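A.B. asks: Dropping a structure here in structure tokens format, bear with me for questions.
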Amino acid sequence: MKTQINFSPKLGIFQVNFTLNSWEIPNRSFSLNKDCSLNRLLVDGEESSIIPKRMGNLEVYDLPMGHRYELQYQLRLPMEKQWFFIEDDGVILPLFGEDQPRIRETEVILPDDYVVLSSHELLKVQHHNKLLRFRFSGSTPPVFSIAKYLGDRIFSGEIYLLKKASNLELLSRMLREGHDYLTRHLGSGVFPQPLRYVVLPSGEKPFLYGGTIFFVWPEEEKGLRGFEEVLRSYIGLGWGVDADEKPEFLIEGLNLYFTGRVLKLLYSNQEYEAFLEEAQERKDLIAGKPLEQLVGRDLALASWLLLEELEDFLGQEQMDQIMKIFLERHRQRRTDLHHFYDTFSSLAWKEGVKDFLEERLYGKKDNQSSSF
Numbered sequence: 025m026k027t028q029i030n031f032s033p034k035l036g037i038f039q040v041n042f043t044l045n046s047w048e049i050p051n052r053s054f055s056l057n058k059d060c061s062l063n064r065l066l067v068d069g070e071e072s073s074i075i076p077k078r079m080g081n082l083e084v085y086d087l088p089m090g091h092r093y094e095l096q097y098q099l100r101l102p103m104e105k106q107w108f109f110i111e112d113d114g115v116i117l118p119l120f121g122e123d124q125p126r127i128r129e130t131e132v133i134l135p136d137d138y139v140v141l142s143s144h145e146l147l148k149v150q151h152h153n154k155l156l157r158f159r160f161s162g163s164t165p166p167v168f169s170i171a172k173y174l175g176d177r178i179f180s181g182e183i184y185l186l187k188k189a190s191n192l193e194l195l196s197r198m199l200r201e202g203h204d205y206l207t208r209h210l211g212s213g214v215f216p217q218p219l220r221y222v223v224l225p226s227g228e229k230p231f232l233y234g235g236t237i238f239f240v241w242p243e244e245e246k247g248l249r250g251f252e253e254v255l256r257s258y259i260g261l262g263w264g265v266d267a268d269e270k271p272e273f274l275i276e277g278l279n280l281y282f283t284g285r286v287l288k289l290l291y292s293n294q295e296y297e298a299f300l301e302e303a304q305e306r307k308d309l310i311a312g313k314p315l316e317q318l319v320g321r322d323l324a325l326a327s328w329l330l331l332e333e334l335e336d337f338l339g340q341e342q343m344d345q346i347m348k349i350f351l352e353r354h355r356q357r358r359t360d361l362h363h364f365y366d367t368f369s370s371l372a373w374k375e376g377v378k379d380f381l382e383e384r385l386y387g388k389k390d391n392q393s394s395s396f
């Protein structure tokens, strides 16, 4: 499948052209935003037309079997937008669902003060008549982030800013010291490459996509505290596991625990107390409750509390040695509460660890037998 996206911010219009063969999408169906204006449809090079079916805000197009298709459509966009995040969700690019074309080539044309970042491999950039032409290739559904980015280097990767930032060194220091601390205690993190940090306009919500961390640049007076969420995202990428159940425990709780340890090293006492204070009220309410009975944010906080108690029970050196093994085992292989329990209860050499974990995970007392 080949796609061309022609972006004209002066006119506030995207124009999209794409070509594909029927064998590339066996179900021969795709969806588009109802606000897209279909200008042209060619079937085997000849003009054709299709009446779509409406499904909510999308229109579904069913294509005839055994042909080559060329489509062109337009979408008018808000003039005031500073940033565009484009994916195969039907809003700007077609939505194919599970029927994804396996070979994707995309060309994005836009004014030369804009930059395109993508999850696909960048093959070439050409500059002509104040326009940039980016060419990408990949075999998965692509995403594109478009803005007037200023690129720079930062520890562990590249950062794309919407304007020059005077406190860039603070973020770099935070990431570097976090990396050095966790590497000493838990081994080297495993990161997707290349790792990128992309700044969002004010009002957008931070998120992760593959190896890219999207976040809003904090106000300068917040200092290191303004970058807590970036550090959490970075730690989650490098020192995380793949969870089959209870992700609030095995992903979020683990991340809070690792982040807390790094921040205790980086922050002043006052800053660290402020970090703890935001969760302290909920932690007091859930203290002593079995993790198996909790859900959502309460489960994440209870997991953080459990891991801190387990570190106190085992000692930091033993905790780190077992946690390192747990991370190495479950970065690629999915894990659950049983794997966590089994790893720590079988590898810990301190007496009483099984009873300790059973009570906090499942609410079982010392005189109750284990189901494992």
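Under the numbering used here, the first residue of the sequence shown is numbered 25, with each subsequent residue one higher. Virtual Cβ for every residue (Gly too), placed ideally from N, Cα, C. Since this is a predicted model, take the numbers as computed values, not measurements.
Span of the alpha helix (DSSP H) holding isoleucine 237?
C.D. replies: Boundaries around isoleucine 237 are those of the beta strand (DSSP E), 236–240, since no alpha helix (DSSP H) includes it.
A.B. asks: DSSP state of phenylalanine 109, grouped into three classes?
C.D. replies: strand
A.B. asks: By a C-beta neighbour count over all protein chains shown, 10 Å radius and 16 as the cutoff for buried, is glutamate 70 buried or exposed?
C.D. replies: exposed
A.B. asks: What are the start and end residues of each continuous beta strand (DSSP E) run of 3 or more residues lying completely inside the stretch 44–91, in chain order?
C.D. replies: Listed in chain order, they are 53–57, 61–67, 77–79, 82–86.
A.B. asks: Check this for me: beta carbons of leucine 134 and glycine 36, under 8 Å apart or not?
C.D. replies: no
A.B. asks: Alpha carbon to alpha carbon, how far is phenylalanine 54 from methionine 79? Give it in angstroms, no decimals.
C.D. replies: 12 Å
A.B. asks: Considering just the uninterrupted stretch of the beta strand (DSSP E) at phenylalanine 168, what are its terminal residues?
C.D. replies: 167–171
A.B. asks: Distance check for leucine 224 and proline 230, CA to CA, integer angstroms please.
C.D. replies: For proline 230 and leucine 224, the distance between alpha carbons rounds to 8 Å.
A.B. asks: Look at the Cβ atom of aspartate 137, then the Cβ atom of lysine 187, and state whether they are nearer than 8 Å.
C.D. replies: no
A.B. asks: Run through DSSP, which three-state label would serine 394 get?
C.D. replies: For serine 394, the pLDDT reaches just 34, beneath the cut-off of 50, and the residue's location in the model is therefore unreliable, leaving the point undetermined.
A.B. asks: Do leucine 329 and leucine 290 have their beta-carbon atoms positioned less than 8 Å apart in this structure?
C.D. replies: no
A.B. asks: By Cβ distance, which residues of its chain are closer than 6 Å to glutamate 269, with the 5 residues on each side in sequence left out?
C.D. replies: Asp360
A.B. asks: Assign tyrosine 97 to one of three DSSP states: helix, strand, or coil.
C.D. replies: strand
A.B. asks: Tell me which residue opens and which closes the alpha helix (DSSP H) that threonine 367 is part of.
C.D. replies: For threonine 367, the enclosing alpha helix (DSSP H) covers residues 361–371.
A.B. asks: Output yes or no for whether 8 Å exceeds the beta carbon distance between glycine 376 and leucine 331.
C.D. replies: Result no, Cβ atoms of glycine 376 and leucine 331 do not sit closer than 8 Å.
A.B. asks: Flag this pair as touching only if the stretch 209–221 and the stretch 338–351 have three or more C-beta atom pairs under 8 Å; answer yes or no.
C.D. replies: yes
A.B. asks: If you scan the stretch 142–204 from start to end, which runs of the beta strand (DSSP E) of 3 or more residues do you find wholly inside it?
C.D. replies: 145–152, 155–162, 167–171, 174–178, 181–185
A.B. asks: Per DSSP, which one or two residues make a beta bridge with lysine 26?
C.D. replies: The partner list for lysine 26 (beta bridge, DSSP) reads Thr43, Glu129.
A.B. asks: Report the partner residues of phenylalanine 38 according to the DSSP bridge assignment.
C.D. replies: Phe31, Leu99
A.B. asks: DSSP has proline 135 in a bridge; who is on the other side?
C.D. replies: Note: proline 135 sits in a beta bridge opposite Leu155.
A.B. asks: In its own chain, which residues sit with a C-beta less than 6 Å from the C-beta of leucine 174, not counting the 5 before and 5 after it?
C.D. replies: Leu185
A.B. asks: Where glycine 339 and lysine 374 are concerned, what is the direct C-alpha to C-alpha distance, given to the nearest angstrom?
C.D. replies: 10 Å
A.B. asks: Around the Cβ of leucine 274, are there at least 16 other Cβ atoms within 10 angstroms (buried) or fewer (exposed)?
C.D. replies: Its Cβ being crowded by 16 or more others within 10 Å, leucine 274 is buried.
A.B. asks: Helix or strand or just coil, what does DSSP make of valine 319?
C.D. replies: coil
A.B. asks: Serine 161: beta carbon under 7 Å from a heavy atom of the ligand HEM?
C.D. replies: What this structure holds is no ligand at all, so the ligand HEM is not there to describe.
A.B. asks: Go through its chain and collect everything with a Cβ distance to leucine 320's Cβ below 7 Å, but skip five positions before and after it.
C.D. replies: This sequence places glycine at residue 320; leucine is not what is there. Answer for glycine 320: Glu272, listed in chain order.
A.B. asks: Would you kindly report the start and end of the unbroken beta strand (DSSP E) that includes tyrosine 291?
C.D. replies: No beta strand (DSSP E) contains tyrosine 291, which DSSP labels as neither H nor E.
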